[in-house]
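In what follows, a structure is listed as structure tokens, so that the remarks can point back to it.
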Amino acid sequence: MRIPCPYCGERDVHEFVYRGDAAPVRPTSDEGFYDYVYLRDNFAGAMREHWYHAQGCRNWIMVTRDTRTHRISNAMLAREAAR
Amino acid sequence: MARFSILSLARNALSGHRQWQRTWRDANPREAYDVVIVGGGGHGLATAYYLAKVHGIANVAVIEKGWIGGGNAGRNTTIIRSNYGLDGNTPFYEWSMKLWEGLEQDLNYNAMISQRGVLNLYHSDGQRDAFARRGNAMRLHGVDADLLDRAAVRKLATFLNYDHARFPIMGGLLQRRGGTARHDAVVWGYARGASDRGVDIIQNCELTGFIRDTRGAIVGVETTRGNIRAKKVGVAVAGHSSRVADMAGLRLPIESHALQAFVSEGLKPLIPGVITFGAGHFYISQSDKGGLVFGGDIDGYNSYASRGNLPTVEDVCEGGMALMPMIGRARLLRSWGGIADMTMDGSPIIDRAPLDGLYLNAGWCYGGFKATPASGWAFAHLLATDQPHQTAAAFRLDRFATGHLIDEKGQGAQPNLH
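In order, the protein sequences belong to chains A and B. Take the first sequence: its letter number 69 is residue 69 in my numbering, and every next letter is one higher. To convert, count from 1 in the second sequence and add 1000; that's my numbering.
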């Protein structure tokens, strides 16, 4: 699997560190922390997820990847995705 | 069901092996059962077997979307052991080991259980101390454990790379009762035992939804072979637990990850038992056919594809080369992937779902095979009595909310690190 890093171009997956599903957002109060830390949709299909290009540009990247096929349809810098 | 014995073997040999009975009945679904178990793998079939045998509940169906044992039961590396160090885990896995030890007589079926020992190697003072602590915890629970020094390990396995520049072998923690079992035979043996006691095993029957009553309780399943009503529904679907839970409107503390396994060409007897590398993640045993069966880490990202990627293949093989350089001369015959339901603390869940009528057996991560007998035993107990079995009482679904985690590896809520 190769990830198209928006900064470095297509790079081998072993340069990246996986963070997981991009959907959970850190809650502002204690309520919702259990959901945020532990519960996952564990989606079968196209899923938006965070990867860190640790052995490259060190950017956080938001990748859209199909968990059934490993096909990547989109990758963008996480800070741009957050806007 | 005719019993297997030396006489039946002789009789069938003389009749050209054409008179053997089918091992179990391939049933069609009936309208209703006391219990429907979703998932015809080792855990589901063991649950059905113990429901019928221990609790006298034989009006049970096991539904399986493919063929029995075609999922993770046929994809694991067949290791059995009970070398766990945490209170919630040790008694459960030891109960499983005890059931393994009596399984073949109980089932009247040869599961090729081979207690050749599981040896975890240590490579530093700190790791030795951690292993000593785990070994002591095991012995306090009545589990066998021996802490070996380097000379004792060398007697067991002369071929290891003892003087690796970075990770010299200093010794190991040995559980002599650990070993391997024939994974397919375990499935077939449980299927035979369950079927013989009246359980319907229904293949090519995929779950598509749940039937609810007016209160929202689950009273049956919708499948590709029609609706089946049930007083209780037990789910034992390994890597697809989250998908099934989603049909009931539940989210689980689980991520699905791919775990790869490898087998070499057949070789003469070489590896005495199961050996694990302590400085990387690599474990190896030798099958009865002679193939070296080995594996390592999960791939590390969510996946429902039953195949892995090359960086993990490289990492596993590097671990093997560091531990036993001779492995480089063997050719890799096959590699494959299975989908593991990784929980947030690396330990399983055997509990009632927060919905009446639904029971969960999930989150076995990459270690479900060894747990098969006790998982079935405990899940059957839960389904029959609505109370957790004493050895599995810690495997609660709500432990993530209450903070009673069982994090054997101490990694925190990161499934890809367990």
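All residues carry an ideal CB built from backbone N, CA and C; glycine is no exception.
Original post:
Going by C-alpha distance, which of Leu-1270/B, Gly-1295/B, Gln-1286/B, Lys-1289/B is nearest Phe-1277/B?
Top reply: Gly-1295/B
Original post:
Around the Cβ of Val-25/A, are there at least 16 other Cβ atoms within 10 angstroms (buried) or fewer (exposed)?
Top reply: exposed
**OP:** Would you mind working out which of Leu-1147/B, Glu-1265/B, Ser-1303/B sits nearest Gly-1337/B, comparing C-alpha positions?
**Re:** Ser-1303/B
Original post:
Shortest alpha-carbon distance to Ser-1347/B belongs to which of Asn-1361/B, Ser-1335/B, Ala-1384/B?
Top reply: Asn-1361/B
**OP:** Just the chain B side, please: which residues come within less than 7 Å of Ala-69/A by C-beta, in chain order?
**Re:** Note on residue identity: the sequence assigns Thr, not Ala, to residue 69/A. What Thr-69/A touches in chain B: Ala-1305.
**OP:** Can you tell me which of the three DSSP states Ala-23/A falls into?
**Re:** coil
**OP:** Within the same chain, show all residues whose beta-carbon is closer than 7 Å to that of Lys-1155/B, passing over the 5 residues directly before and after it, in chain order.
**Re:** none
Original post:
The alpha helix (DSSP H) spanning Gln-1105/B covers which residue range?
Top reply: 1090-1107
**OP:** Mind checking who Arg-11/A pairs with in its DSSP beta bridge?
**Re:** Ile-3/A
Original post:
Pick from Gly-1041/B, Gln-1387/B, Met-1344/B: whose alpha carbon is nearest that of Gln-1411/B?
Top reply: Met-1344/B
Original post:
Taking only beta-carbon atoms, is Cys-1251/B less than 9 Å away from chain A?
Top reply: According to the sequence displayed, residue 1251/B carries Arg and not Cys. Output row for Arg-1251/B: interface = yes.
Original post:
Between Phe-1282/B and Leu-1323/B, is the Cβ-Cβ spacing less than 9 Å?
Top reply: yes
Original post:
How long is the line joining the alpha carbons of Arg-1396/B and Arg-1331/B, rounded to whole angstroms?
Top reply: 43 Å
Original post:
Where does Ala-46/A sit, in a helix, a strand or coil, going by DSSP?
Top reply: strand
Original post:
Expressed to the nearest angstrom, what Euclidean distance is found between the alpha-carbon atoms of Gly-1266/B and Trp-1100/B?
Top reply: 26 Å
Original post:
Ends of the beta strand (DSSP E) at Lys-1231/B?
Top reply: 1226-1235
**OP:** Counting only runs of 4+ residues fully inside the segment 1305-1379 of chain B, write out the alpha helix (DSSP H) ranges in chain order.
**Re:** 1310-1323
**OP:** Look up Gly-1179/B in the DSSP assignment and give the residues it is bridged to.
**Re:** Ile-1080/B
Original post:
In the DSSP assignment, what are the bridge partners of Ser-994/B?
Top reply: Residue coverage of chain B in this structure runs from 1001 to 1418, which leaves residue 994/B outside it and unanswerable.
Original post:
So Ala-1073/B packs on Val-1060/B, CB below 8 Å; how close in whole Å?
Top reply: Rounded, the Cβ-Cβ distance is 18 Å, inconsistent with contact.
Subject >> Runs of alpha helix (DSSP H) lying entirely within the segment 1129-1181 of chain B, each at least 4 residues, in chain order >> reply: 1150-1156
Subject >> CB contact below 9 Å: Phe-1159/B versus chain A >> reply: no
**OP:** Starting from Met-80/A, trace the alpha helix (DSSP H) both ways and give me its first and last residue.
**Re:** For the record, residue 80/A in the displayed sequence is Glu; it is not Met. Unbroken alpha helix (DSSP H) run through Glu-80/A: 78-81.
Subject >> Between the CA atoms of Tyr-1359/B and Phe-1262/B - distance to the nearest angstrom >> reply: 33 Å
**OP:** Round the Cβ separation of Gly-1300/B and Asn-1416/B to the nearest angstrom and send it over; I've been treating them as touching at under 8 Å.
**Re:** 4 Å
Subject >> When Arg-1030/B, Met-1326/B, Gln-1019/B, Ala-1010/B are compared against Ile-1228/B, the one with the closest alpha-carbon >> reply: Arg-1030/B
**OP:** State the CB to CB distance for the pair Phe-16/A and Trp-60/A, rounded to an integer number of angstroms; the pair is presumed to be in contact (CB under 8 Å).
**Re:** At roughly 10 Å, the Cβ-Cβ gap does not stay under 8 Å, so Phe-16/A and Trp-60/A are not in contact.
Subject >> Test item: CB-CB of Ser-1256/B and Thr-67/A under 9 Å >> reply: yes
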